[in-house]
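Q: I'd like to ask you about the structure that follows.
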Amino acid sequence: MVDLAAKISVSISSFSYPDGTTALRNVTLDVHAGACIGILGANGSGKTTLLKVMDGLLKDYDGKVLLEGRDVRSMSPKEIYRKVGLVFQDPDDQLFANTVWEDVSFGPTNMGCGMEEVSKRVNYALIAVGLKGFEKRRINTLSYGQKKRVCMAGLLAMGHEVLLMDEPLAGLDPLGELQMVEVLRSLNRDSNVTLVIASHNVDLIPLFLQHV
């Protein structure tokens, strides 16, 4: 049963890929505004698939996914992406520009924002992820963790209220893990960003989750 009061409500009986592999079965999840929710499981357990379903990228499932009470299958990609953003596990699959400024400003610029508004949004987003001062840095000079934070900033600059995070701690060294945990805590606590985090890390991720 779906929860009409939830930001995102998922009720899926099954989802299978074209090769017949069943990735999801009997999944129910309600994500309320301001929540920080973890989806924990081993690699191959369907975590990434669930995030893609919630982001409207996969639609051939049995069940229903609602975004603010609307069936995502009836919404355009533009309508979904103004609300929900997916941060991929590998930032190199998501980043495309030469500099941090170019990448983070791309979204709001293409939304039709004026230069002043774009600057305001980029400034807010970089502060939120702890990368203020990195505007002119070239993407290929950043650490793996910094690249992940640029991806997050790009979505925040577009005004996304919900971030779906696929393995945000994967590939990071211990210091990078702690830095990412603090960024996620701050986004949820100080910026009221709703977070849904898929991870196999059962040690660090539960430290700041509200629900698992």
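Numbered by our numbering, the letters in the sequence shown go through residues 6 to 217 in order.
Don't be surprised by glycine CBs; every beta carbon is placed ideally from N, CA and C.
Being a predicted model, the structure only gives us computed values, none of them experimental.
#1: Does the Cβ of leucine 183 have 16 or more other Cβ atoms within 10 Å, making it buried, or fewer, making it exposed?
#2: State the Cα-Cα distance for the pair glycine 117 and phenylalanine 111, rounded to the nearest angstrom.
#3: Can you give me the start and stop residues for the beta strand (DSSP E) that asparagine 103 sits inside?
#4: Output needed for phenylalanine 93: all residues of its chain with C-beta closer than 8 Å, excluding positions within five of it in sequence on either side, in chain order.
#5: Judging by CA-CA distance, which residue of Cys41, Leu168 and Leu45 is the nearest neighbour of histidine 205?
#6: Mind pulling the alpha helix (DSSP H) runs of 4 or more residues that sit fully within the stretch 54-127?
#7: On the DSSP bridge assignment, give the partners of glycine 43 in chain order.
#8: Whose C-alpha, out of Thr27, Met59, His37 and Ala40, is nearest the C-alpha of serine 50?
#9: To the nearest angstrom, how far is it from the Cα of arginine 75 to the Cα of threonine 199?
A: Here's the rundown:
#1: exposed
#2: 10 Å
#3: That residue, asparagine 103, is in no beta strand (DSSP E); it is neither H nor E in DSSP.
#4: Gln99, Cys156 and Asp171
#5: Leu45
#6: 82-86 and 105-115
#7: Ile202
#8: Thr27
#9: 18 Å
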